[in-house]
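Data first, discussion second: the structure below is written as structure tokens.
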Amino acid sequence: MDSHESPTYPAYMNATTPRSGGPNNPADAAPVIDPVDSRKGGLPLLMFVLITAAVAFQLNASMLSPVLRTMATELNTDESAVGLTQTAFFTGGAMCGLFLPRLSDIVGRRRILVIMLAVMSLGGLLAALAPNIGVLMLARALQGISGPTIPMTLIILRSQVKDEVRLGTLMGLIAAINGGVAGIDVLLSGWMAEHWGFRSVFWLIFAVGAVATVVVAMFAPESKPSDNVRMDWIGAAVLVVSVLSITLAANEAGKGAAADWLYVIGLVAAGLIVFAIFWRWETRQENTAGAAPLVAPKYLRRRETWGLLLTTVLTMTGVFAAVNGVAPSLAQNAEAGFGMRATMASLLLLTPYALIGWAVGPFAGRLAPKVGYANLLRLSNIASMLLLFLLAFVGTRSKIVLIVGVILLGVTYAGIGNIVLNNLGVVNSPQDNQGFLPGMNSAAFNLGAGISFAVLPVFQVVGSPEGSDSATGYTTAFLVGGIILGLAALTSLFIPKTTTAEQEAAAQENAAA
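Counting in UniProt numbering, the sequence shown runs from 1 upward without gaps.
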């Protein structure tokens with residue numbers, strides 16, 4: 001395509017969208033020509049590549065939710081143990097998210113994304129062949145390298161699309177996949193597990209991952225904004241140890257009365273001490289000529305950073321396992337729940353949840369820059385909290401309320417909250433270190449999801465053990481999730497109303513005036 005040609009897109013993808021600003025802003029009269037518009041294949045090819053990568057990752061995150069009971073049965077274990085394989089996946093993703101996006105700034109974003117997808121595929125192959133829960137745990141941890149896939153695709157998109165409204169809409173489209181692949185994934189996995197067992201799901205994950213690896217390697221644009229900069233491997237290793245210690249402590253604490261609290265205290269103390277070492281090291285790197293810290297302390301001090309990360313962890317902890325673990329288990333539980341088959345549970349709960357989230361996502365991405373990211377996020381968390389309370393008190397006794405409540409969470413969380421959190425990681429990243437905040441936010445997503453599967457199913461199993469006709473455990477799990485979402489709504493108050501991208505754009509306009 002000639003660089004002067006402007007391809008025709010739907011309005012929300014228009015390549016010549018005017019920049020936002022006041023009537024006296026000269027940029028209002030000038031159309032925005034994004035880098036993607038001068039590439040062969042243009043925006044359609046770019047979106048195909050990025051969506052393929054996002055789908056390959058999301059299958060790992062969502063396809064297993066309807067088949068956790070099947071996995072427990074076929075591996076002769078309980079749902080709590082199977083839930084820990086999910087924790088292994090999301091914890092691995094959290095650790096990789098701490099440094100892989102920053103590494104991609106240095107060695108190439110396409111290269112790192114290809115490696116992530118290739119290793120993820122091999123993990124799917126190992127999981128399909130796993131003879132026991134231990135090997136499955138290892139395979140899922142290996143697949144965790146794909147954890148930063150969504151933010152990596154958003155970073156690549158941002159490098160190719162500069163117009164804010166256009167970017168927000170397209171980011172919403174990709175980030176919406178993080179809530180499920182239009183519901184097809186969970187419906188298909190439930191059907192496959194019923195007919196061929198849970199291993200068939202991993203064979204599909206392996207195949208799709210392999211295809212995505214090839215597509216990204218062939219067609220994704222390459223960029224190295226921090227080329228010729230040395231990776232801060234010491235900082236990365238120390239930060240991983242710190243976050244892993246806190247994660248393991250949270251997982252152990254999730255066992256409730258059965259937890260080793262001395263072990264929990266020791267892990268928390270170790271995590272804090274190691275983080276203090278990390279902070280000292282990064283401060284030294286920041287003040288050393290020629291050095292490039294993994295995360296400059298000046299950025300960690302910003303409310304744009306810690307306010308977002310705290311809110312992401314709490315949001316994911318409160319809602320993720322509630323929707324993807326507790327609700328499907330209640331639907332399938334013949335004694336305490338409604339005795340649905342896995343396929344029916346997926347069809348009535350997770351499929352419409354993901355489908356409506358995917359439909360709402362682009363609109364949320366477009367709306368957020370106009371009404372304020374933090375405002376929209378806060379409203380979504382409050383609405384999600386109220387829906388979990390509804391499920392706790394009414395949904396455990398009414399199949400209709402359970403179904404409607406989960407579908408509405410597809411709007412409030414999958415379609416809005418998830419989108420805004422993902423996009424905030426991109427628009428609040430500083431220009432001189434674009435990979436750090438999306439990467440750390442990815443780690444926060446995976447950390448919260450892992451903690452969620454470590455905590456909420458424990459309340460579920462303790463209150464509603466196998467064979468029990470009591471729904472007390474499900475009620476408690478939903479209540480705990482709702483309370484955590486309430487805390488997330490409060491922490492979102494720390495996120496500034498104006499994003500870093502808006503501040504930088506305003507500074508550039510003032511400098512040009």
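We put the beta carbon where it would ideally sit given N, CA and C, even for glycine.
Given the structure is predicted, the values throughout are model-derived calculations rather than measurements.
Beta-carbon proximity check, residue i vs residue j, cutoff 8 Å
i: V461; j: S80; result: yes
i: V201; j: L64; result: yes
i: L388; j: L485; result: yes
i: S470; j: G463; result: yes
i: M71; j: S104; result: no
i: V67; j: S189; result: yes
i: W306; j: G235; result: no
i: I150; j: F219; result: no
i: L154; j: V426; result: yes
i: L487; j: L314; result: yes
i: R69; j: E194; result: no
i: V229; j: V49; result: no
i: G417; j: N381; result: yes
i: Y263; j: F436; result: no
i: L350; j: V186; result: yes
i: L409; j: V295; result: no
i: L310; j: T73; result: no
i: S96; j: G144; result: Checking the sequence, you will find Cys at residue 96 rather than Ser. Closer than 8 Å, so yes.
i: Q285; j: A291; result: yes
i: N428; j: L308; result: yes
i: P297; j: T283; result: yes
i: I407; j: P352; result: yes
i: F206; j: L138; result: no
i: G378; j: A489; result: Correcting the residue type first, residue 378 is Arg in the shown sequence and not Gly. Yes.
Spatial neighbours of residue i in its chain, beta-carbon cut-off 6 Å, leaving aside the 5 residues before and after
i: G482; result: M385, L388 and F389
i: N25; result: Any reading at N25 needs caution, since the residue's pLDDT is 43, under 50, leaving its predicted position unreliable; the model's value is listed next. So the list is empty, once near-sequence residues are dropped.
i: L167; result: V161
i: A210; result: S121
i: L226; result: Note on residue identity: the sequence assigns Ser, not Leu, to residue 226. Only D105 and I106 meet the Cβ criterion.
i: S75; result: Looking at the sequence itself, residue 75 is Leu, so the reference to Ser does not match. Counting only Cβ-Cβ distances below 6 Å, and skipping sequence neighbours, we find I133.
i: P7; result: Annotation note: pLDDT 36 at P7 (below 50); position unreliable, coordinate value reported separately. The residues are G42.
i: V360; result: V411 and G415
i: Y477; result: Per the sequence shown, residue 477 should be read as Ala rather than Tyr. Once the five neighbours on either side are set aside, the close Cβ partners of A477 are V326, L456, F459 and Q460.
i: T77; result: I133
i: A253; result: A259 and V264
i: G83; result: F453 and P457
i: L479; result: A392
i: L376; result: A368 and V420
Other residues of its chain near residue i: CB distance less than 7 Å, five sequence neighbours each side excluded
i: T312; result: L421, N441, A444, F445 and G448
i: A53; result: L113, L117, T149, T153, A212 and V216
i: K255; result: V458
i: P438; result: P101, P151, L154, I155, G425, V426 and S429
i: G372; result: K497
i: M316; result: F445, G448, A449 and S452
i: A383; result: T412
Option nearest residue i by Cα separation, candidates the options
i: N60; options: V208, M218, C96 and I246; result: V208
i: G134; options: V426, A88, V107 and V295; result: A88
i: A414; options: P101, P362, M218 and H195; result: P362
i: A94; options: L409, G124 and I246; result: I246
i: I419; options: I174, N76 and L43; result: I174
i: V455; options: G473, I265 and G439; result: G473
i: N423; options: R366, T77 and R109; result: R366
i: R109; options: V264, W196 and E222; result: E222
i: E304; options: R39, T499 and L138; result: T499
i: residue 547; options: K224, P131 and I205; result: Lying before the first or after the last residue shown, residue 547 is absent from the chain, which here runs from 1 to 513.
i: A130; options: S62, R302, G197 and K399; result: G197
i: P35; options: S159, I400 and S62; result: S159
i: I400; options: K370, Q434 and F338; result: F338
Neighbour flag for residue i against chain C, beta carbons, 8 Å
i: S242; result: The chain labelled as chain C is not found in the depicted structure, where only one protein chain is given.
Cβ neighbours of residue i in the same chain (closer than 8 Å, five flanking residues each side left out)
i: R140; result: T85, Q86, A88, F89, G92, G123 and A127
i: F278; result: G235, V238, L239 and S242
i: V404; result: none
Supposed contact pair residue j and residue i - C-beta distance, whole angstroms, cut 8 Å
i: I495; j: A374; result: 4 Å
i: L248; j: L267; result: 5 Å
i: L142; j: V119; result: 7 Å
i: T343; j: W191; result: 5 Å
Contact the segment 394-410 vs the segment 324-343: 3+ CB pairs below 8 Å:
yes
- Is the number of C-beta pairs between the segment 133-148 and the segment 98-116 that are closer than 8 Å three or more? yes
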